[in-house]
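A quick write-up on the structure given underneath.
As structure tokens, this is what we get:
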């Protein structure tokens, strides 16, 4: 499943785009209420919602846009829970202060915009103690190897865990995390509206790469380069795979020249040709 992140300054735009995403096949939408200019109106945002929703209010310190008081932010998240939203995203350092209530599921999240820490499993185990329904661990990839460690953590997780890497190096894990057990990945409304480094658009994740069709049996191919974002190979090969009805996906893989040999070994661990 793909969770599409929406960040708009006006309630009307957020509601309208939510409807539009549902019409295009979106199954889960994240409402980034920290982007709203006015105080978020949960009733307006959640009334007659066309898909399940994740409510997120990210602090400025976490690369979000919320600059108000922390007690006000906590009040908004509690309001979303009382309103019966399907999911609420709680950072790992505040999860204990927002108790479980009703049917709302808790996504307890950890973000690192600098690196992918060696202690991913320690982070997972710490969050596991915070009463999550879903664990979310998202880190910055500084090499292809970071994706391998992230996906190994996701695969070993006992609880549903969304885990992938950010940045251009992280494209691999964004697109393959479902293959290793992530209940969903994240995408932006459009390519020019990314809310996190390296975030792909809903159209790319769903249509170009066929995220929802990727399974453990899917054959994974890739083109290597640095830079790689300009490559047309994924567009051409994935179109050909669909036409031939092949269970395969073709990915762009950023690999610096000095990491080529090591990266080939890392990709081999993931079964990438």
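In our numbering, the protein residues as written are 9 to 281.
We put the CB at the ideal spot given by N, CA and C, even for glycine.
Being a predicted model, the structure only gives us computed values, none of them experimental.
| Check | Outcome |
| --- | --- |
| As a quick exercise: from 92, 124, 126 and 280, pick the residue whose alpha carbon is nearest that of residue 114. | 92 |
| In angstroms, rounded to a whole number, what distance separates the CA positions of residue 263 and residue 86? | 43 Å |
| Measuring CA to CA, which of 142, 178 and 141 is closest to residue 159? | 178 |
| For residue 145, which of 162, 50 and 137 has the nearest alpha-carbon? | 162 |
| Under three-state DSSP, which class holds residue 119? | strand |
| Can the beta-carbon of residue 208 be found closer than 7 Å to that of residue 246? | no |
| Taking residue 12 as the reference, give the member of 37, 45, 18 and 20 with the closest Cα. | 37 |
| Determine the direct distance from the alpha carbon of residue 9 to that of residue 237, and round the result to whole angstroms. | 24 Å |
| Using a 10 Å radius around the Cβ and a threshold of 16 neighbouring Cβ atoms, would you call residue 193 buried or exposed? | buried |
| Check whether the Cβ of residue 98 lies closer than 7 Å to any Cβ atom in chain D. | Given the protein chain composition of this structure (a single chain), no chain D is represented. |
| Taking the alpha helix (DSSP H) that residue 136 belongs to, which residues open and close that run? | 128–136 |
| Going along the chain, which unbroken runs of the beta strand (DSSP E) with 3 or more residues stay wholly within the stretch 31–65? | 36–40 and 61–64 |
| Answer with buried or exposed for residue 41, where buried requires no fewer than 16 other C-beta atoms within 10 angstroms of its C-beta. | buried |
| Any chance the stretch 95–104 sits against the stretch 56–76, with 3 or more Cβ pairs inside 8 Å? | yes |
| Report the rounded CA-to-CA distance for residue 142 versus residue 240, giving the unit in angstroms. | 35 Å |
| Pull the bridge partners of residue 98 from the DSSP assignment, please. | 116 |
| Once the 5 residues before and after residue 140 are set aside, which same chain residues still bring their CB inside 6 Å of it? | 114 and 116 |
| According to DSSP, residue 261 sits in a beta bridge with which residue or residues? | 232 |
| May I have the straight-line CA-CA distance separating residue 28 from residue 56, to the nearest angstrom? | 14 Å |
| When you compare only the Cα positions, how much space is there between residue 76 and residue 107? | 21 Å |
| Could you check what DSSP says for residue 167 in three-state terms: helix, strand or coil? | coil |
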